[in-house]
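Okay, structure first, notes after.
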Amino acid sequence: MPDEYVKLPGMSIASLIDPITAAGGPANLSQADAWMQGRTLYGGALGLVAYTAAIRAFPDLPPLRAAQIGFIAPIGGEIELRREIVRQGRNVAQVRSEIWVGGQCALTAMWLFGTAREPNAVHPSARPEDWPGGPEGAEPVMVDAGPAFIRNNFELRRAQEERGPGAPVVRRWARLTERDVLDPISELILMGDVLPPGAMRAMQRQGPVSSINWSFNLLGTAPATRDGWWLSENASQHADEGYSSERLRLWNADGQQVLDAMQAAAIFG
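So the sequence shown is numbered by the UniProt record's numbering: it starts at 1 and just counts up by one.
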């Protein structure tokens, strides 16, 4: 690992999930400051915490297929975890997990788990347009810029020629600096929200941006890639009146799509 990606103390992924128990209730994310994005924890980290709370409480669930996450209020280190099975049918289980702070719900997530069935429709996802080539020789980015949790937990490389203002699309190769901690689904949840909104490229003035929600579908139950690299893309479909509708996608290093998502982002400034 290059020197610029050596992890600083207090940055570990384990610090996010080790405090989470099957019993739920109060938890102390003692290293939360290392994962802050503005006033709250990074959205992918919050999604990982909520997902871990669900699967540790109910370990016999079928594979995860989809999720809907609402980011309601800022979240720091002292939290309370609540989770329940909303409905469990023959093939599909729906689980709600929530993160509470100061007696108020600060995040709510619905997780859809489903067993595989004999397919009645088969349609593979398309390869990404303008394939950038593999990540191996791509230029590193965000080495000395951006939030600390990005610099110390993710390695990013350029996957598009565009720089600065332009078409509202942000595309990067991304991988975790720790790749032996999480199962593949948890890794995608932590990775899926790593880029800023595509609307960033269309902003007329510099200003903060913030995720409001995140809804995603997984396109398989055993995602895999080469050397930990995923191609991440955020593209604004429409932006106006302080909000952007974003499509988020992840592909593996061979161009197979593994996650398809939508997000509403607040565009300030």
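We put the CB at the ideal spot given by N, CA and C, even for glycine. As the structure is a prediction and not an experimental result, all values here were calculated from the model.
Cβ-based neighbour list, Q94, same chain, cut-off 8 Å, excluding 5 preceding and 5 following: Taking the sequence shown and counting its residues from 1, one reaches residue 94 at position 94. Excluding residues within five positions, the ones whose Cβ falls inside 8 Å are I85, V86, R87, Q88, M110, W111, L112, F113.
Is the beta carbon of W100 less than 8 Å from the beta carbon of I69? On the sequence shown, position 100 is the one that residue 100 refers to. On the sequence shown, position 69 is the one that residue 69 refers to. In this structure, I69 does not lie closer than 8 Å to W100 by Cβ.
Given 7 Å as the limit, tell me if G89 has its C-beta closer than that to any heavy atom belonging to the ligand FAD. Absence of the ligand FAD from the depicted structure is noted, as is the absence of any ligand whatsoever, leaving it without description.
Where T221 falls: helix, strand or coil (DSSP): Along the sequence shown, read from residue 1 onward, the residue named residue 221 stands at position 221. Three-state DSSP puts T221 in coil, outside helix and strand.
Compute the distance between the beta-carbons of P208 and G38, then report whether it is under 8 Å. Here residue 208 refers to the residue found at position 208 of the sequence shown. Here residue 38 refers to the residue found at position 38 of the sequence shown. The answer is yes: Cβ separation under 8 Å.
Roughly how many whole angstroms lie between the Cα atoms of I20 and A27? Along the sequence shown, read from residue 1 onward, the residue named residue 20 stands at position 20. Along the sequence shown, read from residue 1 onward, the residue named residue 27 stands at position 27. Each residue's Cα considered, the two are about 7 Å apart.
What are the boundary residues of the alpha helix (DSSP H) that includes G149? As a working mapping, residue 149 is identified with position 149 in the sequence shown. Looking at the sequence provided, one finds Phe at residue 149 rather than Gly. Residues 148–153.
Between which residues of its own chain and residue 270 is the CB-CB distance below 8 Å, once the five residues before and five after are set aside? Within the shown structure, residues of the chain are numbered from 1 to 269, placing residue 270 beyond reach of any answer.
Span of the beta strand (DSSP E) holding E187? Locating residue 187 in the sequence shown gives position 187, counting from the first residue. Run containing E187: none in the beta strand (DSSP E); it sits in the alpha helix (DSSP H), 184–191.
For a quick check, are the C-beta atoms of W214 and G43 less than 8 Å apart? Sequence index remark: in the sequence shown, residue 214 carries index 214 (1-based). Sequence index remark: in the sequence shown, residue 43 carries index 43 (1-based). Yes, these two residues count as a Cβ contact at 8 Å.
Count the other CB atoms, across all protein chains shown, that sit within 10 Å of the CB of N91; report buried if there are 16 or more and exposed otherwise. Residue numbering aside, residue 91 sits at position 91 when the sequence shown is read from its first letter. Exposed.
Please report the distance separating the alpha-carbon of A265 from that of L156. Taking the sequence shown and counting its residues from 1, one reaches residue 265 at position 265. Taking the sequence shown and counting its residues from 1, one reaches residue 156 at position 156. Looking at the two C-alpha atoms, the distance is approximately 21 Å.
With a cut-off of 8 Å on the beta carbons, I'd call L195 and S232 a contact; round off their distance for me. The residue labelled residue 195 in the question sits at position 195 within the sequence shown. The residue labelled residue 232 in the question sits at position 232 within the sequence shown. About 5 Å separates the Cβ atoms of L195 and S232, confirming a contact at the 8 Å cut-off.
Proximity below 8 Å, CB of I13 to CB of L218: Taking the first residue of the sequence shown as 1, we reach residue 13 at position 13. Taking the first residue of the sequence shown as 1, we reach residue 218 at position 218. L218 sits away from I13, with the two beta carbons spaced by 8 Å or more.
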